[in-house]
Each structure stands twice: as C-alpha cells, then as structure tokens.
Amino acid sequence: MKNILIPTDFSENSWNAIQYIVVLYTHTPCNFFLLHVEDEQSPLSAEFSLDTYRQGQGVALKDFSCSTVKMGLLLKQLRQNQLHTEHHFRSIQDHGNLVDAIRGRIDNLKIDLIVMGAKGINVKQSPETIIGSNTRDVLTKVRCNTMVIPEKVTFKIPQEIVFPTDFTTFYSFEFLKTMAEILTISQSTLRIMNASKLNGNFTEYQSSNKIYLRDYLEESFTEAHSFHDFTHKKITTAIQDFVDSQRAEMILLVGKNVNFLQQLFFKAKTENNSYYANIPLLVIHG
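So the sequence shown is numbered by the working numbering: it starts at 154 and just counts up by one.
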C-alpha cells in the first residue's frame, strides 16, 4: 500500500494535483492523506466556490467551520468517484506552519510521496518566482519524494521523462527504486541529459556515478532509456530545448542536489523557460 500526502488549500490548483496523482496511480493500492493547514499569516481565500464540489449539497454549512465543510465535500467527491477499490482517502487538519505539519506526518504515516500544486498557498506573495514559497520549502526542507503538478497540466500518462543531471550525486538504492516505480507505472522512456557545466570533462566521481546509473538502466530498462549530452548551452536553455524536442511529460530530479534545484526553479523568472509551468516535476530523495 502506497501512502501519499497531498497538502490542499481547496483551490482549483490543488484539486488539479489531486486528480493527477489519483489517476496516475489508478492501478496501485493507495492511502491518500489530504492535509489542510491553516496559517494565520496566510489565510485562505474566501472566494472558494462550492460549485467545485457539488456532491456536498444538503450539508448544514452553519454547523461547520469553512475548512471543515470544504474537506468533507472534497472527500465525498473523491470517494464517490474513486478509480480503485483500494484507494482510501483520509483527511488531516492542522494549524501553523505547512512544513512543520508535513514533517510531523512523514514518519508517523510512513509517507512515500508528497504531491503539491505548483502554486503554493503563498504564491501571491512572491509572483516573480518560478515556484511558490511553500513548494520551495517542501522541496528543500522535507526529505521525502515530492511531485509538483503545475496548474495548467491536464492528466496524461507520461511516455517521455527527462532526467537532467550533472552526475555529482550518487544514485542510491532508494532513488533507483522510486525511479523504477514511476517508469514501470507509466511504461515511459527515461531520457538522461547531461546538465554539467564542465563541457564533458567529468571528474572521476561523476564518471563513476554515470557508469553506475547506466549499468542499472541497461539491466532493468534496457530499451527504455537513453543518454544525451548538452554541454554547449546554458543549463536552463538546454533543458527547455530538450524537453521540447522530446515532448517530455515529466521531469525527474535528485532531491539532495539542492544547488541544482535552486538554479532551475527557485530564481526569479527572468527567462522564457516554460518547463516549470507545463510539466510535472518529480523530486526524488534518497
């Protein structure tokens, strides 16, 4: 049974992320934990429309707090339309800091994956950044595999997954296990692109990591992977060009390579790169 934690602020963006992950794991038994955290510093918008969750007709709104009603209606719709008899939906409500609330559940609930919308609750406070502050904090401060679903993404089983890497991190067993899982679920092809700035002049450690990854993929996904070198361009531009050429439908990254994450996603939006806005991102820790 896979345990998936989904923070939600009841926005259309978070609803889209829920739909995406539920469909992606259609054939996998899962516990989906829906987490809503109320933060006095960032109150929820009062513009929520109950039309989004019409299954809640007849609920006595005056008897519940706003967030409790929303969570109840969300759970009701998910349970009525569940795609697998072993998909189970549970709710968690908390107060305070989102990262602290998530950390408090990772070990207790044995969470395998966190799923977030690309725009966090605080996105309006930092519209110039590529990824909202909540999502950024979860990716960098919580050691748990995280999938980020941009608001404009409509579900499609990924056939092409791009893996930009500079080969400076060792690919652990846990990393390879998660990567293998997503490749098996989607039956997709993994495109590993060299995102190093060293123009092909690898250190011994980088070369060793690349060989290790290649040997694993040759044995486990012989016909479903390929390696590509792009050392002559700026990394973000190279990724955009490669994502476009492959018509990629997901990007995979190593979570412990924080500097790489910051370079690709956490700087101001000064370039015309759209991969962050149109393609799900899977960050694997381990």
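Where a beta carbon is used, it is the ideal one built from N, C-alpha and C, also for glycine.
Assigned with DSSP and collapsed to three states, G270 falls in strand. Counting other Cβ atoms within 10 Å of its Cβ, I392 reaches 16 or more and is therefore classed as buried.
Only buried fits K363, as 16 or more other CB atoms lie within 10 angstroms of its CB. The residues H189, in chain order, have a CB closer than 6 Å to that of Q246 in the same chain once the five nearest residues on each side in sequence are set aside. Between S167 and N354, the alpha-carbon positions lie close to 42 Å from each other. The beta carbons of I157 and D253 sit about 19 Å from each other, so the pair does not count as a contact at 8 Å. Contact between T299 and M269 is confirmed by a C-beta separation of about 7 Å, below the 8 Å threshold.
Between N184 and M154, the CB-CB gap stays under 7 Å. Boundaries of the beta strand (DSSP E) harbouring K155: 155-160, taken from the DSSP string. DSSP assignment within the stretch 372-417 yields the following whole beta strand (DSSP E) runs of 3 residues or more, N-terminal first: 378-382, 403-407. Of the candidates Y178, T161, T181, the residue whose Cα lies closest to the Cα of L187 is T161.
Closest by C-alpha distance to V291, out of N169, V411, E165, is V411. The three-state secondary structure of E191, taken from DSSP, is strand. For the pair V436 and P311, the Cα-to-Cα distance works out to about 16 Å. Taken through DSSP and simplified to helix, strand or coil, L336 comes out as helix.
Within a 10 Å sphere around the beta-carbon of Y324 sit 16 or more other beta-carbons, which makes this residue buried.
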